[in-house]
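Chains as they are written, first to last, in this note's numbering: chain A, 25 to 136; chain B, 2 to 114.
All residues carry an ideal CB built from backbone N, CA and C; glycine is no exception.
Read the structure below first, then the notes.
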């Protein structure tokens, strides 16, 4: 069965610094991969997704992610974070059946 | 605005009471899902539906029931509320292909006391 691991529960970065959030997945074939963001008190919003083609995908709000098959990873990056990026980020994998499996999330804190 | 609408946004229940969490989408999506979110635990799938008249259990279905009589609506029923059901509940939907990802509602925060 597929699974998703987000190794970092909390990440703190300074405003203007670069960001990388880690995500590892478990699945035998090429999965569908997603990153969602959840602002406090809100639902989840799709940031970006990968299912085929170019392994570097661009998303909304200046985020990008790179699919690395050899490492079973789909890390999320942003060159320069803004205070408004403080939120919880979820990596998710969908693979062959009807469901998407979510990681436990990484909470991003931004220092002024 | 098109999307997934959940009602109510907040609710406090007493132990043993029942309630229905409503979820409606106007995007003609076949697939609909109910998740619960607990701090530090991510999202856990309660029930899902692949179309009107078809529902299936997810990871944590005990204590909940669902029905799907129309494409638009997917209500979640709690029959005998327990403190363990205190959580934030999210409804989501997607079109036929999974690569589209989900569209989420804004959630219902439920407290059982």
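DSSP beta-bridge partners of residue i
i	result
residue 140/B	The structure shown has nothing for residue 140/B, since chain B only spans 2 to 114.
residue 81/B	BP columns for residue 81/B are empty, so no partner.
residue 50/A	27/A
residue 43/A	102/A
residue 118/A	56/A and 124/A
residue 131/A	34/A and 112/A
Terminal residues of the beta strand (DSSP E) in which residue i lies
i	result
residue 57/B	55-58
residue 82/A	80-82
residue 69/A	68-74
residue 50/B	44-52
residue 58/A	56-62
Pairwise C-alpha distance: residue j and residue i
i	j	result
residue 108/A	residue 85/B	33 Å
residue 32/B	residue 72/B	9 Å
residue 37/B	residue 96/B	21 Å
residue 38/A	residue 102/B	31 Å
residue 6/B	residue 30/B	13 Å
residue 89/A	residue 50/B	30 Å
residue 92/B	residue 40/A	34 Å
residue 55/B	residue 121/A	15 Å
residue 11/B	residue 62/B	21 Å
residue 83/B	residue 34/A	30 Å
residue 26/B	residue 36/A	36 Å
(request) Give a yes or no on contact between the segment 44-60 of chain A and the segment 70-78 of chain A, applying the rule of three or more CB pairs nearer than 8 Å. (result) yes
(request) Would you check if there are 3 or more beta carbon pairs closer than 8 Å linking the segment 112-131 of chain A to the segment 37-55 of chain B? (result) yes
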